[in-house]
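To start, the structure under review is shown below, and the notes come after it.
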Amino acid sequence: MIEIKNISKSFNGVQILHDVSCVFETGKTNLIIGQSGSGKSVLTKCIVGLIEPDTGEVLYDGRNFLALKKKEKKEIRKEIGMLFQGSALFDSLTVVENVMFPLKMFSNMTKKEMLERANFCLERVNIIGKNDLYPAETSGGMQKRIAIARAIVMNPKYLFCDEPNSGLDPVTSILIDNLIKDLTEEYDMTTIVITHDMNSVLEIGDNIMFLNQGHNHWTGNKETILTTDNKEVNDFVYVSKFLKQIKNKIKND
Amino acid sequence: MNIFYHIGGYFLLMKSLFTKPEKISVYWDRTLDEIIALGIKSLGIVVIMSFFMGSVLVIQTATAIDSPLIPRYTVGFTLKQSIILEFSPTIMSLILAGKIGSNIASELGTMRVTEQIDALEIMGVNSAGYLISPKIIGLMMIFPIVVIFSMFFGFLGGGFIAYTTDLVSIEDFLFGIRVFSGDNGFMIFYALFKSIVFAFIITSVSSYFGYNARGGALEVGKASTDAVVYSSIIILFSNVLITQLLLIP
């Protein structure tokens with residue numbers, strides 16, 4: 032479980048996050064949603080330690096990440112897997128080398144064992160026979176799946192996904208969403224997904240936090256988000272005429 | 183203020199390199215890769231430039247000496263002094279600051295803007311240590327060898343002109359190379375010492391600009407340009423300092 036308490040962050044006097052608190056449960060897909068510029072990415076970077084918040088606490092199963100020493104932070108980071116918006120695969124390494132990279136750095140496995148583990152993870156995300164390709168030689172959807180394989184190769188306790196379906200077609204997006212959900216349940220991870228894709232919200236949103244102008248504006252799940260009366264959430268969810276018609280239908284039913 | 187900001191940032195980055203590597207074998211493999219990428223793959227341009235520079239130096243010196251009072255072996259002697267003291271260690275460093283410096287800055291800059299460096303940090307890898315240390319150590323190890331190659335091919339280029347033209351006889355040329363050889367050992371030490379310092383400057387300064395690039399393609403391009411400009415200026419400044427310290431008694 033990850034718990035954040037009163038996270039605030041400002042850049043050059045502009046307040047981006049205002050006292051954000053939330054609990055992200057284990058074994059569930061926790062979504063952070065909100066418009067562009069609402070502070071989703073900054074909040075995630077604060078949680079994983081890429082940005083230090085001005086105030087607040089980040090608790091990984093009770094361990095206050097921000098109060099830990101550098102060495103202890105490193106240990107927690109080994110328990111984190113992250114899928115970046117642009118995949119962030121290492122250009123100079125092949126597909127299998129990318130997936131093997133964390134094992135090479137932090138495990139005492141033999142090369143054969145590392146290869147077996149990498150192949151297992153690649154097969155789990157349906158990447159077969161592409162081991163020797165470089166990331167630039169694969170499609171966007173494949174890159175996301177390779178990045179997921181790299182993120183889960185160390186059996187992480189916490190998985191972060193920054194807009195996992197940006198730039199993907201709807202079919203591939205759903206595949207990636209379901210893959211994240213299945214892996215979360217399979218490995219009992221605490222998964223946090225940042226998205227503004229409504230398909231993802233309705234498909235995998237076990238817990239949802241709606242971030243609005245840096246505030247935790249609303250929390251709920253994929254069922255309650257369709258029926259809430261919160262104006263800002265409705266403005267975000269029912270943005271198109273088609274969705275507004277659906278909402279009216281739900282209300283009438 | 184900007185210059186102090188960069189100086190502070192540079193030393194903080196250098197400090198972050200002095201941490202225990204996550205796995206020494208991985209760092210050693212990376213160092214060998216960098217030796218090949220930064221050093222061995224630069225040998226082609228070094229050989230070509232040194233050969234032609236040696237040739238031109240001999241032609242220019244030979245045509246400039248028109249007094250019969252100046253012995254012809256001066257051509258070989260001048261070439262030796264120029265190649266060992268300045269051309270191979272300093273001018274070659276400036277040329278390679280362009281090639282290697284822009285390569286390092288653009289590589290690290292691209293890794294930064296595509297979040298590859300963030301990915302390393304999230305994994306718990308000391309990204310600066312993993313990416314930059316092997317480059318610095320690798321180039322410091324291979325650069326003296328590159329400079330020796332440059333000296334050899336500089337002399338070969340000069341010898342080629344002496345052998346194929348009648349500007350200076352090959353005997354006079356070789357005598358000029360060998361004459362006053364008492365200082366040769368110190369001169370070569372001076373050249374190799376400079377090359378090690380310049381290798382550190384090229385890799386560390388370029389890494390600083392690449393590692394701290396933010397934004398997109400435009401910023402990566404600017405980081406690459408800054409890397410070459412600042413590396414060159416610092417090399418020239420250090421050259422004066424080292425020369426004053428080592429050559430002036």
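In order, the protein sequences belong to chains F and W. Each number in the numbering used here comes from the position in the first sequence (counting from 1) with 31 added on. Each number in the numbering used here comes from the position in the second sequence (counting from 1) with 182 added on. All residues carry an ideal CB built from backbone N, CA and C; glycine is no exception. The model shown is predicted, which means the values in this text are computed figures rather than measured ones.
C-beta contact flag for F:L114 and F:A178 at 8 Å
yes
Assuming F:V184 and F:C152 form a contact by the criterion Cβ under 8 Å, report the distance between their Cβ atoms to the nearest whole angstrom.
5 Å
Contact list for the stretch 106-127 of chain F against chain W, Cβ threshold 7 Å
R108, K109, I111, M113, F115, G117, A119, F121
Quick check on F:Y269: does DSSP put it in helix, strand or coil?
coil
Measuring straight from C-alpha to C-alpha, what distance separates F:T75 and F:T57?
17 Å
Assuming contact is defined by CB atoms lying nearer than 8 Å, are W:F325 and W:L225 in contact in what I supplied?
no
Bridge partners - F:Y189, DSSP secondary structure assignment
F:I111, F:T221
Selection from W:L194, W:A279, W:K262, W:Y192 that minimises the alpha carbon distance to W:S381
The residue asked about is misnamed: residue 381 of chain W is Ala in this sequence, not Ser. Of the listed residues, the one whose Cα sits closest to W:A381 is W:A279.
Of all the residues that make up the stretch 298-328 of chain W, which are near chain F by a beta-carbon distance shorter than 7 Å?
Q298, D300, A301, E303, I304, M305, G306, V307
At a cut-off of 7 Å, is W:L400 close to the ligand ADP when judged by its beta-carbon and the heavy atoms of the ligand?
This structure simply doesn't include the ligand ADP, nor any ligand for that matter.
Confirm, please, whether the CB-CB distance from F:A149 to W:T296 is below 8 Å.
no
Please report the residue range of the beta strand (DSSP E) in which F:M240 lies.
238-243
Inter-residue CB distance, W:L195 and W:A310 (contact presumed, cutoff 8 Å)
6 Å
Quick one: is W:Y255 buried, meaning 16 or more other Cβ sit within 10 Å of its Cβ, or exposed?
buried
So, using beta-carbon positions, are F:I235 and F:D208 closer together than 8 Å?
yes
Validate contact between the stretch 164-171 of chain F and the stretch 117-134 of chain F using beta carbons, cut 8 Å, 3 pairs
yes
Rounded to whole angstroms, how far is the Cβ of W:S207 from the Cβ of W:I318, which I believe are closer than 8 Å?
The Cβ separation is near 19 Å, so there is no contact.
Using a Cβ-Cβ cutoff of less than 7 Å, which residues in the same chain neighbour W:I370 once the five nearest sequence positions on both sides are dropped?
I266
Secondary structure at F:K40, three-state DSSP: helix, strand or coil?
strand
From F:I38, F:F55, F:F42, F:K59, pick the residue whose C-alpha is nearest to that of F:H49; which is it?
F:I38
Over what stretch of residues does the beta strand (DSSP E) that includes F:D50 continue unbroken?
45-55
Hey, W:S388 and W:A373 are a contact pair by Cβ (cut 8 Å); roughly how many whole angstroms apart?
That pair is no contact at about 22 Å.
Excluding five sequence neighbours on each side, which residues of the same chain lie with their C-beta closer than 8 Å to the C-beta of W:V361?
Y255, G258, F259
Can you list, in chain order, the residues of the stretch 231-260 of chain W whose Cβ is nearer than 9 Å to any Cβ on chain F?
none
Quick one: Cα of W:L356 to Cα of W:S363, how far?
12 Å
Between W:L156 and W:A244, how many whole angstroms is the CB-CB distance? I'm expecting something under 8 Å.
Residue 156 of chain W cannot be examined here, being either before or after the span of chain W that is shown, 183 to 431.
For F:H248: DSSP bridge partner residues:
None, per the DSSP bridge assignment.
Starting from W:Y372, trace the beta strand (DSSP E) both ways and give me its first and last residue.
Careful: W:Y372 lies outside any beta strand (DSSP E), inside the alpha helix (DSSP H) at 366-393.
Run through chain W and tell me which residues come within less than 8 Å of F:K135, C-beta to C-beta.
K205, V208
Inter-stretch contact (C-beta, 8 Å, three-pair minimum) for the stretch 420-431 of chain W and the stretch 395-406 of chain W
no
For W:I416 and W:A301, what's the separation of their Cα atoms in angstroms?
32 Å
Specify, as a first and last residue, the run of the alpha helix (DSSP H) that W:Y312 falls within.
309-346
Examine chain W for any beta-carbon lying closer than 8 Å to the beta-carbon of F:V184, and answer yes or no.
no
With distances taken between CB atoms, is the gap from W:R212 to W:P316 smaller than 8 Å?
yes
When burial is assigned at 16 or more other CB atoms within 10 Å of the CB, is F:I33 buried or exposed?
buried
Since W:S232 contacts W:G336 with CB under 8 Å, what's their CB separation in whole angstroms?
4 Å
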